[in-house]
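This report concerns only the one structure given below.
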Amino acid sequence: GAVVSQHPSRVICKSGTSVKIECRSLDFQATTMFWYRQFPKQSLMLMATSNEGSKATYEQGVEKDKFLINHASLTLSTLTVTSAHPEDSSFYICSASAGLAFYEQYFGPGTRLTVT
Amino acid sequence: GQQVMQIPQYQHVQEGEDFTTYCNSSTTLSNIQWYKQRPGGHPVFLIQLVKSGEVKKQKRLTFQFGEAKKNSSLHITATQTTDVGTYFCAGMGSGGYQKVTFGTGTKLQVIP
Numbered sequence: 200g201a202v203v204s205q206h207p208s209r210v211i212c213k214s215g216t217s218v219k220i221e222c223r224s225l226d227f228q229a230t231t232m233f234w235y236r237q238f239p240k241q242s243l244m245l246m247a248t249s250n251e252g253s254k255a256t257y258e259q260g261v262e263k264d265k266f267l268i269n270h271a272s273l274t275l276s277t278l279t280v281t282s283a284h285p286e287d288s289s290f291y292i293c294s295a296s297a298g299l300a301f302y303e304q305y306f307g308p309g310t311r312l313t314v315t
Numbered sequence: 246g247q248q249v250m251q252i253p254q255y256q257h258v259q260e261g262e263d264f265t266t267y268c269n270s271s272t273t274l275s276n277i278q279w280y281k282q283r284p285g286g287h288p289v290f291l292i293q294l295v296k297s298g299e300v301k302k303q304k305r306l307t308f309q310f311g312e313a314k315k316n317s318s319l320h321i322t323a324t325q326t327t328d329v330g331t332y333f334c335a336g337m338g339s340g341g342y343q344k345v346t347f348g349t350g351t352k353l354q355v356i357p
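As structure tokens, then:
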């Protein structure tokens, strides 16, 4: 089956620093990648949708300048949390799909971000 | 905005009992998917339903999409301990490509 990797799996950073999370589709070309945030024991909250070569579409309430998304190739998307604060601590999960429509999403293993 | 609710939030069942989770959307959906997330893991795709009234089966799992395409259900027959996890529905609104909204999830615990 399709495999999506995320790196790093865990990261601890100091308040005010920036953190980059990578999401890669290993064995297929991902036309669309999604970035989610999941709080403990809660559902997945869609942050943004990115299509290769174009600007990401952010959900209402998600700050574009704080959560920078780059989808430079069909196998790589990155999420950069800029000037991180403790309230940004969360589980960030990416997913990838091979189509522009609502096709099956393949999820990465997630990244646990802790901001101290 | 679109909201997708699931009930129940939690369910404890004895191994061998049946289990059902219900998914309700505030708006009509073009299609719906179901995912399972094991504790500490990431969501894994189970199935996609597209047609009104559609019913699909995967071994002990039965998925149904409502006639009005606003609700869906997942039924597990004779639960096993391997069924433990949180089950999410995820839907997209009708009328073209729109955002994906995940349901609130139902956490299933199976008691051996």
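Taken in order, these protein sequences are the chains called A and B. Using our numbering, read the first sequence as starting at 200 and increasing by one per residue. Using our numbering, read the second sequence as starting at 246 and increasing by one per residue. Each residue gets a CB set at the ideal place from its N, CA and C atoms; glycine is no exception. Source: prediction; values computed, not measured.
Would a check of beta-carbon distances place residue i closer than 7 Å to chain E?
i, result
"F306(A)", "Protein chains in the displayed structure are A and B, and chain E is not among them."
Only counting the same chain, and skipping five residues up and downstream in sequence, which positions put a Cβ closer than 7 Å to that of residue i?
i, result
"V314(A)", "C212, S214, A283, H284, P285, D287 and S288"
"F233(A)", "L245, T248, C293, S294 and Q304"
Which same chain residues end up closer than 8 Å to residue i when comparing Cβ atoms and leaving out the 5 residues on each side of it in sequence?
i, result
"E262(B)", "A323 and T324"
Using the three-state DSSP reduction, which class does residue i fall into: helix, strand or coil?
i, result
"E286(A)", "helix"
"T266(B)", "strand"
"T307(B)", "strand"
"T346(B)", "strand"
"T230(A)", "coil"
"T322(B)", "coil"
"T281(A)", "coil"
"T272(B)", "coil"
"T351(B)", "strand"
"T313(A)", "strand"
For residue i, report the span of its beta strand (DSSP E) as first-last.
i, result
"A335(B)", "G330 to G338"
"A247(A)", "L243 to N250"
"F266(A)", "F266 to S272"
"E221(A)", "V218 to S224"
"V295(B)", "No beta strand (DSSP E) holds V295(B); DSSP gives it neither H nor E."
"V258(B)", "Y255 to Q259"
"Q205(A)", "V203 to H206"
Apart from the five residues just before and just after residue i, which ones in its own chain have a Cβ nearer than 6 Å to its Cβ?
i, result
"Y267(B)", "I252 and S318"
"S297(B)", "E312 and K314"
"E221(A)", "H206 and T277"
Quiz prompt | Contact residues within the segment 211–233 of chain A, judged by C-beta distance below 8 Å to chain B | solution = F233
Practice problem: Could you tell me whether the segment 242–254 of chain A touches the segment 267–279 of chain B, where touching means 3 or more Cβ pairs closer than 8 Å? | Solution: For the pair of segments examined, the segment 242–254 of chain A was found not to touch the segment 267–279 of chain B: the number of CB pairs separated by less than 8 Å stays below three.
Quiz item: the segment 346–357 of chain B: which residues have C-beta closer than 9 Å to a C-beta of chain A, in chain order?
Solution: T346, F347, G348, T349, G350 and K352
Exercise. With 9 Å as the C-beta to C-beta threshold (strictly closer), list the residues of the segment 244–263 of chain A near chain B in chain order.
Key: Residues of the segment 244–263 of chain A with a C-beta atom less than 9 Å from some C-beta of chain B are M244, L245, T248, T256, E258 and Q259, listed in chain order.
Self-check item: Given 8 Å, three or more beta-carbon pairs between the segment 282–290 of chain B and the segment 309–322 of chain B
Solution: no
Quiz item: Three or more beta-carbon pairs under 8 Å between the segment 247–263 of chain B and the segment 254–265 of chain A, yes or no?
Solution: no
Self-check item: chain A contacts from the segment 289–322 of chain B (Cβ-Cβ distance under 8 Å)
Solution: V289, F290 and Q293
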